[in-house]
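Just so we're aligned: the sequence shown equals residues 1421 to 1528 in our numbering. Glycine residues also receive a C-beta, built at the ideal position from the N, C-alpha and C atoms.
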Amino acid sequence: MKPENAQSRLSAHAAPAEARAWAQLQAGAAARLPGDFAVRILRAHRLAQSRRSPAARFLLHPFALSAYTAAACLFVVALLTQSNREINQRRLAEWQDIEQQAANLEPL
């Protein structure tokens, strides 16, 4: 993110004093980072990715993770639906039993 973009977004949503304070904090933090910081981070990330097996790369791909999450959610929904259906059937049977008992009572 370029400092100019961050500065313009901050000043649009913050008071001028707050925007200046954030800009100073960002400039101070940027000054503390070495010049090749981003290059070193990207190099380390690419090296870590290249060491992974193809299966690990496939399994950790964002689309694969999304599919796992969707499958887990569908599984939980199916379990809860079945559980709720059984509970509803049991309670309906109890109410039908109560209804029969009430119908068998003699009117006062």
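C-beta atoms of residue i and residue j nearer than 8 Å
| i | j | result |
| --- | --- | --- |
| A1484 | F1478 | yes |
DSSP state of residue i mapped onto helix, strand, coil
| i | result |
| --- | --- |
| G1455 | coil |
| L1525 | coil |
| A1512 | Residue identity differs from the one stated: residue 1512 is Leu in this sequence, not Ala. Three-state DSSP puts L1512 in a helix. |
| L1529 | Any question about residue 1529 goes unanswered here, given that the chain covers just 1421 to 1528. |
| R1471 | helix |
Exposed unless 16 or more other CB atoms sit within 10 angstroms - verdict on residue i
| i | result |
| --- | --- |
| A1490 | exposed |
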